[in-house]
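According to the working numbering, the sequence shown is numbered sequentially starting from 4.
Working notes, beginning with the structure itself.
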Amino acid sequence: MTKKNGGRRRSPEERRKRVQSIKLALIYTLLGWMLITLIALVLLTVKVFSLQKQVNRITEVVESTIRENSGGKQDISTSETDTGNAKTHPETETTYKVQNGMSEENRYQEGDSRKVYLTFDDGPGEKTGEILDILKENGVKATFFVVGSEAPEATTLYQRIVEEGHTIGMHSYSHKFTEIYGSEKAFTADLQKLSDTIREATGVTPSLYRFPGGSNNRVSNLDMGVFIHKLDEKGITYFDWNVTAGDATVSEPGVEELVENVMADVVKYKTSVVLLHDGEDQEITVEALPSLISEIQKLGAEILPITDSTDPIQYVTLAD
Ligand code: ZN
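What follows is the structure, encoded as structure tokens:
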């Protein structure tokens, strides 16, 4: 009689083979899954990086749209009502004194003298040379809050700013909000890099700073007190502004509008720190500057560069 294979008892040899093949199948399945997981992991990592890049690009676009103008101006009006009050950062519990150049103390009264500080942010740019020419022709000294560049043209402009008697201040090396406000370490590294660049170019160690977006910017995820503290530690004074020209807004004003923007505020204060820009393509600033200077002088105001002894205009300071 014929017996089917399955019917008879397997020999130990056959059993060992079967167990072996089940083991192999398990191992292959396991390896297969590991491989699939690994591939998925790699693909996801690549995806995360590309998304991160996109987020950075979008952030940069948003930042360049915000610039200093809109952010600062809006914040002044809200902080005006808060003047004298303390604000506490919800996470770090840093207490700020909210103050600004729009306080009652700084209101112009009949008989007061007026001081105007013209400040140029974001340069050196294409128009910085022309701006320096206009200032020279008018015998006016200003303050330049510069960003970092190793380009020979930038080095020459840093030098011209200093040689022609203006004040050179810092406005961050990269001007990338996400980068500089990302961590205390990143902020400090950026600050040091710019300070070194300026010192190497001009021999001057800068002692003034303007926060990109202002000291009360809402872009920084980190408490601004961290950075304010860092500047304090290094003996660097930061300056915000209380008058904006609006020369870097998306809807660029005309020359007359720009001059009016500034003069409407300058008349109100004893001390005005005017925010202007000399970054990329600031043709409007060049065009408006001569009339702006003459209007300010007609008002009898003195145009001065910021120095270490100038009383700072600051939106927020650390409470004692
Ligand atoms: Zn800026």
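Note that the Cβ used here is the ideal one computed from N, Cα and C, for glycine as well.
- Query: Which of the three DSSP states, helix, strand or coil, is assigned to G305?
  - Reply: The sequence as given places Glu at residue 305; Gly does not occur at that position. DSSP places E305 within a strand segment (E or B) once states are collapsed to three.
- Query: Do H169 and ligand 1 come close, with the Cβ less than 7 Å from some heavy atom?
  - Reply: No - ligand 1 has no heavy atom lying nearer than 7 Å to the Cβ of H169.
- So is Y31 buried or exposed if we call it buried at 16+ other beta carbons inside 10 Å? By the C-beta density criterion, Y31 is exposed, having fewer than 16 other C-beta atoms within 10 angstroms.
- Enumerate in chain order the residues of its own chain whose CB-to-CB distance from E208 is below 6 Å, with the five nearest sequence positions on each side excluded. Correcting the residue type first, residue 208 is Thr in the shown sequence and not Glu. Sequence-distant Cβ neighbours of T208 in its own chain, meaning closer than 6 Å and more than five residues away, are R202.
- Item | Residue from D115, T181, T158 and E167 whose Cα sits closest to the Cα of K56 | With distances taken between Cα atoms, K56 lies closest to T181.
- Item | Buried/exposed call for F52, threshold 16 Cβ in 10 Å | Around the beta carbon of F52, a 10 Å sphere encloses fewer than 16 other beta carbons of the protein chains shown; the residue is thus reported as exposed.
- Query: Can you tell me where the beta strand (DSSP E) with S275 in it begins and where it stops?
  - Reply: S275 -> beta strand (DSSP E) spans T274 to H280.
- Message: Can you list, in chain order, the residues of its chain with a C-beta nearer than 6 Å to that of G75? Leave out the 5 residues immediately preceding and following it.
- Response: Note that G75 scores a pLDDT of 39, beneath 50, so its modelled location is shaky and nothing firm can be said.
- If you draw a straight line from the alpha carbon of E236 to that of T191, how long is it in whole angstroms? Between E236 and T191, the C-alpha separation is close to 11 Å.
- Query: According to DSSP, what are the bridge partners of G35?
  - Reply: In DSSP, G35 forms no bridge with anything.
- Item | Cβ-heavy atom distance, P215 to ligand 1, below 7 Å | At least one heavy atom of ligand 1 falls within 7 Å of the beta-carbon of P215.
- Got a sec? Which residues, its chain only, sit under 7 Å from S294 by beta carbon, not counting five neighbours each side? Close CB contacts of S294 within its chain, under the 7 Å cut and outside five residues either way in sequence, are with V258 and V262 (chain order).
- Query: Should D125 be counted as a contact of ligand 1 given a C-beta to heavy atom distance under 7 Å?
  - Reply: Yes; taking the cut-off as 7 Å, the Cβ of D125 has a heavy atom of ligand 1 nearer than that.
- Does the beta-carbon distance from A251 to H280 come in below 8 Å? Contact flag set, yes.
- Message: On the DSSP bridge list, what partners appear for K118?
- Response: Partner residues in the beta bridge of K118, as assigned by DSSP, are T274 and E305.
- Message: What would DSSP say about F242, mapped onto helix, strand or coil?
- Response: In this structure, F242 counts as coil in the three-state DSSP scheme.
- By DSSP, does F123 sit in helix, in strand, or in coil? Judged by DSSP in its simplified three-state form, F123 adopts strand.
- Thinking C-beta only, is V246 closer than 8 Å to V269? For V269 and V246, yes; Cβs fall inside 8 Å.
- Pick out whichever of T170, Y272, S152 and Q300 has its Cα sitting closest to the Cα of E1. Lying before the first or after the last residue shown, residue 1 is absent from the chain, which here runs from 4 to 323.
- When DSSP labels each residue in this structure, what does N88 get in the three-state scheme? Unreliable placement is indicated for N88, whose pLDDT of 49 sits below 50; no coordinate value is reported for it.
- Message: Following a CB-centred definition, is H232 positioned closer than 7 Å to any heavy atom of ligand 1?
- Response: Relative to ligand 1, even the nearest heavy atom lies 7 Å or more away from the CB of H232.
- Answer yes or no: do I316 and W244 have a C-beta to C-beta separation smaller than 8 Å? Yes, these two residues count as a Cβ contact at 8 Å.
- Query: Taking the continuous alpha helix (DSSP H) assigned at V319, which residues delimit it?
  - Reply: Careful: V319 lies outside any alpha helix (DSSP H), inside the beta strand (DSSP E) at V319 to L321.
- Reduced DSSP secondary structure (H/G/I, E/B, other) of R110: The three-state reading of DSSP puts R110 in strand, counting E and B together.
- At what residues does the beta strand (DSSP E) containing F147 begin and finish? Here the beta strand (DSSP E) through F147 covers T146 to V149.
- Item | G35 versus I42: straight-line alpha-carbon distance, rounded | Cα-Cα distance, rounded: 11 Å.
- Closer than 7 Å: Q300 CB and nearest ligand 2 heavy atom: Looking at this structure, you won't find ligand 2 anywhere; what it does contain is ligand 1.
- Query: With a CB to CB cut of under 8 Å and the five nearest residues on each side skipped, what residues in its chain are close to A189?
  - Reply: Only E182 and I183 meet the Cβ criterion.
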